[in-house]
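Enquirer:
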Amino acid sequence: MPNEDRITRIVHRPGHGILAADVRGALHWFDAELNRVRSSSSSVAAQAPAGDPVYAIAFTDDAVITRDKIGNISRWDLDSLALTDRLDARATADRALLLEDEQPSPTMLRGIGVWNGKAYLNNGYFQLAVIDLATFTVDRIVLWPHGYDMLEWFCTDAPGIHAVSDRHGRIHLGSLDDLAFPTVVEIDTSNVHRVLYDERHQRFWATTDAGMGDHYKIANGLVTVRLDGTVEQRLDFARNDVEGLAFSGDYSRAYCGGFDGELLIFDNTTPELTVVDRVRHFPHQIIDVTVGDGDRVYVLTQDGEVTALAPDGQHIGSLRYARQCVWDLQPLPDDGPSLLAATDDGAVRLRLTELSPGQPSLQVTDRYVSGLGFTRRVTVADDGWAGVFWPSSVRRVSGGGETLWEREVPGIVHTLAQSPDGTRLLVACNGGGIEFDAATGTETGRIEDLPASAWASAYLLDGRRLLATRNGLMNAYAADSTVTWAAELGNYPKRLLVDGDRVRATGGGGIKEFEVGGDKIDQRYSELLDNTAENCAVIEGTVCAITYGMQIAAYDQDSGELLALHEDLPDFPKGMAAVRGPHGDPYVVVGGRGGYVRLYRLDRSAGAEVLTAVRDLWLPGSPVDVTVTRS
């Protein structure tokens, strides 16, 4: 029985199998061979229609405790997965501590601590909720001892001491019984997604996301911490988030992976952090790892696929989830209201039609299957298009779907840009900025002397190359590669969008707009945005933004004033474009994980709802053949 919705977490429970949560808030038991054995039947009644993804899972003797993105806290029967209790996020709060009319903040927190008959976790307002497990009622709601905080992970396995990590790079050591955490250890500048107790060497292992000091936003990985809070070892091996960590049953091995898409296998028979193997070629970025019976390893990637490995990393099997995602949306030139969508399996051409004014429809008019990894970005031209594909491919495609040329770049690809005259393509990848002749695929330039991975690329109107690095530096390069303009983004970038003499950078901290040549942020669009701003589009004097928090927001372009905010996107949004319908009406199109394409009508007239969701189109997914390899 295939899984229908993208899995967001996997956790092993001895004697039961692999428990998975999904983007719609449902739970599923899988056996060792990844056959689905049982699913919850109450998620539709328990969740909002758009679905509230579950990221936090903990077990008691006879139940599963979950927290979803909104902060709803639920209890499910361990065996049947029947929903038995649910605490609504809006009611599970100390309202005396809140602002007037404050609503829960959607956040992907993963931590639940179960200790001495109680569960400890953040509610939807980043207060600490303590739940009595016998009655599943609120014991008390307090602030974390160090104030409002996003608590990411709880570890109660070490003798005599509890560890709690947060989204600010810290591990708090102390006691949940009396909520005293006198020792605070700073190991990173961002999310500490996992803290596990190493029983073999009596220490904690913790993952890092952003790095510190000279490695800030350049490299990160793992840290080991003694029980007294002393940082023991640090191993920076990743250029992106590290999110999965698990031990074998006897703690002789550890498995760790993240957004670089490879799983590191550690020999833990000695105290030194020793990598003995690397498993590569997963279909996507790694977001979770768990170890099951017989030390079989299960790896969850962001596309919803689960891969089973032997303890030494040999491939055993996979879930074969029918994945789909709309990564990018680019208007097609001189083809009416049409778009090219970058997808998990290639690309799709979409046409916006209106049989009657105000009643739009999106129709698939052509489909291209690449045979490569997912298509991360596309750029279009009169005679076809080009795309970058996970992990490191660049391909130029004709209008008829024929491959004109294909190249490999030195590192994971992030973005792709086309020069204003259409003759050059600029790839931002972990190896730097690589430029190609658009017609022939001949490499025409390479910018490698960067302080960190190149995460975003663009061209200015005069043809200068623009690159932004993971650590937030944005430089424009002349033909001879000299830097002619430099600016600080203040956070990591996702995309660079050039609009005349303006450059908009999406990423951490919202949408930032620069005047070309200026060294200061000229305008920022960030009010009420949660998590990373993935993309933006501009139409009718309105800047629309999408975020990892499954939000879409609209801002007045000149003033930056927030005009509208919706937090009900079906899954992570990625692609975004602004188009006009056949009758001239303005629309905003958003696509994302699960293969959805949502069409919004934009209306700035007095009294109107600025953004109205008109309809959804869902592109079918297909399973990918997982062919992981060991180094």
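The sequence shown maps to residues 277 to 907 in this note's numbering.
Don't be surprised by glycine CBs; every beta carbon is placed ideally from N, CA and C.
A quick note: this is a predicted structure, and the numbers were derived from the prediction, not measured.
Please report the distance separating the alpha-carbon of Gly897 from that of Gln600.
Expert: For this step, residue 897 is matched to residue 621 along the sequence shown. For this step, residue 600 is matched to residue 324 along the sequence shown. Straight-line Cα distance between these residues: approximately 5 angstroms.
Enquirer: Given a cut-off of 7 angstroms on the beta-carbon distance, is the pair Trp661 and His690 in contact?
Expert: Within the sequence shown, the letter at position 385 stands for residue 661. Within the sequence shown, the letter at position 414 stands for residue 690. No; because the gap between Cβ atoms is not below 7 angstroms, this pair is not in contact.
Enquirer: Please tell me whether Trp603 and Ala623 are closer than 7 angstroms, where the distance is taken between their beta carbons.
Expert: In the sequence shown, counting from the first residue as 1, residue 603 sits at position 327. In the sequence shown, counting from the first residue as 1, residue 623 sits at position 347. Against a cut-off of 7 angstroms, the Cβ pair of Ala623 and Trp603 comes out as no contact.
Enquirer: Between the alpha carbons of Asn392 and Phe412, how many angstroms are there, rounded?
Expert: The residue labelled residue 392 in the question sits at position 116 within the sequence shown. The residue labelled residue 412 in the question sits at position 136 within the sequence shown. Straight-line Cα distance between these residues: approximately 14 angstroms.
Enquirer: Taking only the alpha-carbon atoms, compute the straight-line gap between Ala297 and Ala853 and give it to the nearest angstrom.
Expert: Position 21 of the sequence shown holds residue 297. Position 577 of the sequence shown holds residue 853. Rounded to the nearest angstrom, the two C-alpha atoms are 31 angstroms apart.
Enquirer: Out of curiosity, what's the CA-to-CA distance linking Ala439 and Phe430?
Expert: Along the sequence shown, one-based indexing puts residue 439 at 163. Along the sequence shown, one-based indexing puts residue 430 at 154. Answer to the nearest angstrom: the Cα atoms are 6 angstroms apart.
Enquirer: Once the 5 residues before and after Pro325 are set aside, which same chain residues still bring their CB inside 6 angstroms of it?
Expert: Indexing the sequence shown from 1 puts residue 325 at position 49. Residue confidence for Pro325 is low, a pLDDT of 41 falling below 50, so the modelled location carries little weight and cannot support an answer.
Enquirer: How would you call Glu803, buried or exposed, if buried means at least 16 neighbouring beta carbons within 10 angstroms?
Expert: Along the sequence shown, one-based indexing puts residue 803 at 527. Exposed, because fewer than 16 other Cβ atoms sit within 10 Å of the Cβ of Glu803.
Enquirer: Alpha carbons only, please: which of Ser614, Glu548, Val703, Leu539 is nearest the one belonging to Thr566?
Expert: Within the sequence shown, the letter at position 290 stands for residue 566. Thr566 has its Cα closest to that of Leu539, out of Ser614, Glu548, Val703, Leu539.
Enquirer: Could you check where the beta strand (DSSP E) with Leu742 kicks off and where it finishes?
Expert: Taking the sequence shown and counting its residues from 1, the one referred to as residue 742 is at position 466. Its beta strand (DSSP E) spans residues 741–745.
Enquirer: In three-state terms, what does DSSP make of His557?
Expert: Position 281 of the sequence shown holds residue 557. Looking at His557 - three-state DSSP - the assignment turns out to be coil, as it is neither helix nor strand.
Enquirer: Can you look up Arg282 in the DSSP assignment and give me helix, strand or coil?
Expert: Against the sequence shown, residue 282 aligns to sequence position 6. Looking at Arg282 - three-state DSSP - the assignment turns out to be coil, as it is neither helix nor strand.
Enquirer: For the putative contact between Phe542 and Arg554, defined by C-beta atoms under 8 angstroms, what is the C-beta separation to the nearest angstrom?
Expert: Residue 542 sits at position 266 when you count from the first residue of the sequence shown. Residue 554 sits at position 278 when you count from the first residue of the sequence shown. Their Cβ separation, rounded to whole angstroms, is 11 angstroms, which puts Phe542 and Arg554 out of contact at 8 angstroms.
Enquirer: Going by Cα to Cα distance, which pick from Val685, Gly707, Asn706, Gly717 is closest to Thr699?
Expert: One-based indexing of the sequence shown puts residue 699 at position 423. Here the closest residue by C-alpha is Gly717.
Enquirer: Looking only at C-alpha atoms, which of Ala704, Pro686, Gly647 sits nearest to Thr679?
Expert: As a first step, residue 679 is located in the sequence shown; it is residue number 403 there, counting from the start. Closest by alpha carbon: Gly647.
Enquirer: Would you mind sorting Gln694 into buried or exposed? The rule is 16 or more other CB atoms within 10 Å of its CB.
Expert: Along the sequence shown, one-based indexing puts residue 694 at 418. Gln694 comes out buried.
Enquirer: Return the CA-CA distance between Phe239 and Gln635, expressed in angstroms with no decimal places.
Expert: The chain is shown only over 277 to 907; residue 239 falls outside these bounds and no answer can be derived.
Enquirer: If we call anything under 7 angstroms between Cβ atoms a contact, is Ala809 one with Gly793?
Expert: On the sequence shown, residue 809 is found 533 positions in, with the first residue counted as 1. On the sequence shown, residue 793 is found 517 positions in, with the first residue counted as 1. No, Cβ-Cβ distance for Ala809 and Gly793 is not below 7 angstroms.
Enquirer: Please work out which residues of its chain come closer than 7 angstroms, Cβ to Cβ, to Val965, disregarding the five sequence neighbours upstream and downstream, and give them in chain order.
Expert: Residue 965 lies beyond the residue range present for the chain, which begins at 277 and ends at 907; the question has no answer from this structure.
Enquirer: Just to confirm before moving on: does the CB-CB distance between Gly520 and Ile562 stay below 7 angstroms?
Expert: Counting from 1 along the sequence shown, the entry for residue 520 is found at position 244. Counting from 1 along the sequence shown, the entry for residue 562 is found at position 286. Yes, Cβ-Cβ distance for Gly520 and Ile562 is below 7 angstroms.
Enquirer: Taking Asp474 as the reference, give the member of Ala334, Leu511, Ala434 with the closest Cα.
Expert: Translated into the one-based positions of the sequence shown, residue 474 becomes position 198. Measuring from the Cα of Asp474, the nearest candidate turns out to be Ala434.
Enquirer: Using the beta-carbon count (16 or more within 10 Å), is Asp564 buried or exposed?
Expert: The residue you call residue 564 lines up with position 288 of the sequence shown. Result: buried.
Enquirer: For Pro899, which residues from the same chain have a beta carbon less than 6 angstroms from its beta carbon, with the 5 sequence-adjacent residues on both sides left out?
Expert: Numbered from its first residue, the sequence shown carries residue 899 at position 623. Cβ neighbours of Pro899 beyond the five flanking positions: Arg596, Ala598.
Enquirer: Could you tell me whether the region 417–429 touches the region 463–473, where touching means 3 or more Cβ pairs closer than 8 angstroms?
Expert: With the cut-off at 8 angstroms, the region 417–429 and the region 463–473 touch.
Enquirer: Which residue wins for smallest C-alpha separation from Gly489, given the options Gly675, Leu419, Asp512?
Expert: Counting from 1 along the sequence shown, the entry for residue 489 is found at position 213. Measuring from the Cα of Gly489, the nearest candidate turns out to be Asp512.
Enquirer: Pull up the distance between the alpha-carbon of Ala322 and that of Ile349, whole angstroms please.
Expert: Translated into positions along the sequence shown, residue 322 becomes position 46. Translated into positions along the sequence shown, residue 349 becomes position 73. Any reading at Ala322 is ruled out, since the residue's pLDDT is 45, under 50, leaving its predicted position unreliable.
Enquirer: What beta strand (DSSP E) runs, 3 residues minimum, are completely inside the region 844–880?
Expert: For the region 844–880, whole beta strand (DSSP E) runs of length 3 or above, ordered along the chain, are 849–856, 862–868, 872–878.
Enquirer: Between the region 363–374 and the region 307–314, do at least 3 Cβ pairs fall closer than 8 angstroms?
Expert: Because the criterion of three Cβ pairs below 8 angstroms is not met, the region 363–374 and the region 307–314 do not touch.
Enquirer: Would you list the one or two residues that DSSP bridges to Ser637?
Expert: The count along the sequence shown starts at 1 and reaches residue 637 at position 361. According to DSSP, which records beta bridges pairwise, Ser637 is partnered with Thr629.
Enquirer: Do Gly497 and Val518 have their CB atoms nearer than 7 angstroms?
Expert: Start at 1 with the first residue of the sequence shown, and residue 497 comes out as number 221. Start at 1 with the first residue of the sequence shown, and residue 518 comes out as number 242. Result yes, Cβ atoms of Gly497 and Val518 sit closer than 7 angstroms.
Enquirer: In its own chain, which residues sit with a C-beta less than 6 angstroms from the C-beta of Val320, not counting the 5 before and 5 after it?
Expert: As a position in the sequence shown, residue 320 is number 44, starting the count at 1. Annotation note: pLDDT 47 at Val320 (below 50); position unreliable, coordinate value reported separately. Same-chain partners within the cutoff: there are none.
Enquirer: Buried or exposed, going by whether 16 or more other CB atoms sit within 10 Å of the CB of Val552?
Expert: Numbered from its first residue, the sequence shown carries residue 552 at position 276. Looking at its Cβ environment, which holds fewer than 16 other Cβ atoms inside 10 Å, Val552 is exposed.
Enquirer: Residue range of the beta strand (DSSP E) that Pro458 falls in?
Expert: Looking up residue 458 in the sequence shown gives position 182. Segment 456–462, the beta strand (DSSP E) holding Pro458.
Enquirer: Using 8 angstroms as the Cβ pair cut-off and three pairs as the minimum, do the region 497–510 and the region 457–466 touch?
Expert: They touch, by the three-pair rule.
Enquirer: Would a check of beta-carbon distances place Ile407 closer than 7 angstroms to chain B?
Expert: In summary, chain B is missing from the structure at hand, where a single protein chain is found.
Enquirer: Can you tell which of Leu839, Ile710, Gly871, Thr336 has the C-alpha that lies nearest to the C-alpha of Asp847?
Expert: If you number the sequence shown from 1, residue 847 lands on position 571. Cα-wise, what sits closest to Asp847 is Gly871.
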